[in-house]
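Here numbering that gives the first Met the number 0 is used: position 185 in the sequence shown is 184, and no number is missing along the way.
All residues carry an ideal CB built from backbone N, CA and C; glycine is no exception.
Just so we're clear, the structure is a prediction, and the values are computed from it rather than from any experiment.
Here is the structure we will look at, set down as structure tokens.
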Amino acid sequence: MGKIQIMDHPLIQHKIGIIRRKDTSSKEFRELISEIAMFMAYEATRDLKMEDVEIETPITRTTVKKLEGKKLAVVPILRAGLGMVEGMLAMVPVAKVGHIGLYRDPKTLKPVEYYCKLPSDCGEREVFVTDPMLATGGSAIAAITMLKEKGVKNIRLLCIIAAPEGVKALSEAHPDVDIYIGALDECLNDHGYIVPGLGDAGDRIFGTK
């Protein structure tokens, strides 16, 4: 069973409090989303495997730690997930970046893929899927299903705000995926928005509201 971790770090919680405010500007919102993603990346990479390597310091030879062979990739769910990429890369600059684009069919309400571009060796990488909001879980479930179909085995999801309904749906659909959450909110409203939430993350990141 994948783990579900809710971030209780004071800096993350403080910044989430600011992005929730309706009068936070797009510029500040973008910057804070990136900063929150950076702190979340720090936590989400805590259990990456290490190996010993011998090096030479200016004084002597010694053994130090380095990340084991497995490489990393960041895969944002378009479009809001893009807002978290820069913060992730600040912590893991050697990670490659893929993209998954989904939209919700207005009739079936199910996610439909319109774009998918992944690193060619994605199946060998530890993949961090980013999306600021986990509401119904539909997009995240579909994106992770797509990744698995393309051979990806090690997947973690990072979301800043989550609804209990989305967490439950995702953990049932993909019980092997670790979920990292900035804040777990109360519920979804009748329109599928997270309450209290912060509105539409994509609109607020890109100024399209």
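- Taken through DSSP and simplified to helix, strand or coil, methionine 0 comes out as coil.
- Relative to the Cα of isoleucine 18, the nearest Cα in the group Arg60, Phe205, Ala200, Gly206 belongs to Ala200.
- Residue environment: glycine 16 is assigned as exposed (fewer than 16 neighbouring CB atoms within 10 Å of its CB, all protein chains considered).
- Between glycine 1 and valine 151, the C-beta spacing is not below 7 Å.
- Residues of the same chain with a CB within less than 8 Å of the CB of leucine 77, apart from the 5 flanking positions on each side, are His98, Ile99, Gly100, Leu101, Tyr114 in chain order.
- Secondary-structure assignment with DSSP links asparagine 153 through a beta bridge to Glu125.
- Judged by DSSP secondary structure, lysine 64 falls within the beta strand (DSSP E) whose first and last residues are 60-66.
- In the structure shown, glutamate 185 falls within a coil segment according to DSSP collapsed to helix, strand and coil.
- For glycine 16, the enclosing alpha helix (DSSP H) covers residues 9-18.
- Looking from the CA of valine 128, the closest CA among Ser119, Ala43, Cys186, Glu50 belongs to Ala43.
- The shortest C-alpha to C-alpha distance from glycine 137 to any of Phe38, Gly196, Val111 is the one to Val111.
- Around the beta carbon of glycine 206, fewer than 16 other beta carbons lie within 10 angstroms, which makes this residue exposed.
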